[in-house]
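Mapping of the sequence shown onto this note's numbering: residues 1 to 248, in sequence order.
All residues carry an ideal CB built from backbone N, CA and C; glycine is no exception.
Some notes on the structure that comes next.
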Amino acid sequence: MRLRELELELPGLPPELDGLRIAHLSDFHFGVPSPGIGAAWQAAAWARERRPDLVAITGDLLTHPRGEPMLRQLVRILPRPAVAVLGNHDLAISRDPQARPSNLRELEPATLLRDEGRMLELRGRSVWIAGADARLIVRGRPKLDPNRLAREADLSILLCHYPRVLDRLEPGKFDLVLAGHMHDGQITLPYPGGKLLLAHPRAAYTRGVYRGAAAAMHVSAGLGTTFVPFRFAARPEATELVLRTAVR
1 MRLRELELEL
11 PGLPPELDGL
21 RIAHLSDFHF
31 GVPSPGIGAA
41 WQAAAWARER
51 RPDLVAITGD
61 LLTHPRGEPM
71 LRQLVRILPR
81 PAVAVLGNHD
91 LAISRDPQAR
101 PSNLRELEPA
111 TLLRDEGRML
121 ELRGRSVWIA
131 GADARLIVRG
141 RPKLDPNRLA
151 READLSILLC
161 HYPRVLDRLE
171 PGKFDLVLAG
181 HMHDGQITLP
191 YPGGKLLLAH
201 PRAAYTRGVY
211 RGAAAAMHVS
221 AGLGTTFVPF
231 RFAARPEATE
241 LVLRTAVR
């Protein structure tokens, strides 16, 4: 289990938001047996102890609806404000035979964003948090336009389960993208200087920070598992992002 702090420079970040802390959690996959259950609770307790300015959860909350009571218990211990989006497993858009659709419409006290956004005031500045719907990409084809979720704010953040959303964004729409989905490969084969992801060998965005023409993005390695209840050379992860004003 990896619990880490990561500084991330953002061009144009207002001085008041320098040092803003965002706990990024992803891919609980509650509802099926998995060591990810313990990892998710450890991450939630860690976030509660650190008390960040914002908690962001980027989808695949549930693999099966029977995990909903546990999900709601976990969300209640998280610091506030907390925002979340759904992932493909929440809607059973997956080849995973264990996946069943859930009917999450809200996640109080966290705010569940389903192709919508909320304006928050953090450290005296406006922060727009948008959440792209899990039906953004279905069977490899784009279905929704995430750019229409953008609003003017001092800091604009997009939550989307799929890292590929970065390639669909127009410059200037969002400052930061938070994504999950990849599990850092979940089962990988390490080799000198890297590792082979068995499930997504050609994926462009797997874990960590990426900078595109449109925005910076952090992809969480996530906490749970799919298909099989274990990981290999792909540790579960929770990250506290510390935003910094980019030095020119």
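N- and C-terminal bounds of the alpha helix (DSSP H) containing residue i
i, result
"residue 37", "36-50"
Own chain residues within Cβ distance below 6 Å of residue i, not counting five before or after
i, result
"residue 39", "1, 223, 236"
"residue 86", "59, 134"
Selected residue, minimal CA-CA separation from residue i, among the options
i, options, result
"residue 200", "213, 186, 116", "186"
"residue 178", "5, 15, 13, 22", "22"
"residue 242", "120, 98, 209", "209"
"residue 4", "221, 119, 173", "221"
"residue 94", "113, 63, 171, 232", "63"
"residue 105", "219, 184, 114", "114"
"residue 73", "90, 30, 101", "30"
"residue 204", "189, 180, 192", "180"
"residue 56", "219, 234, 244, 233", "219"
Same chain only: Cβ atoms within 8 Å of residue i, ignoring 5 sequence neighbours per side
i, result
"residue 229", "32, 33, 34, 35, 36"
"residue 101", "65, 90, 91, 92"
N- and C-terminal bounds of the beta strand (DSSP E) containing residue i
i, result
"residue 70", "Counting along the chain, residue 70 falls outside any beta strand (DSSP E), though it belongs to the alpha helix (DSSP H) covering 68-77."
Buried or exposed (CB count within 10 angstroms, at least 16 for buried), residue i
i, result
"residue 175", "buried"
"residue 207", "buried"
"residue 103", "exposed"
"residue 43", "buried"
"residue 247", "exposed"
As assigned by DSSP and simplified to three states, the class of residue i
i, result
"residue 183", "helix"
"residue 196", "strand"
"residue 134", "helix"
"residue 148", "helix"
"residue 218", "strand"
"residue 16", "helix"
"residue 228", "coil"
Other residues of its chain near residue i: CB distance less than 7 Å, five sequence neighbours each side excluded
i, result
"residue 146", "132, 136, 158, 160, 165, 168, 169"
"residue 107", "75, 84"
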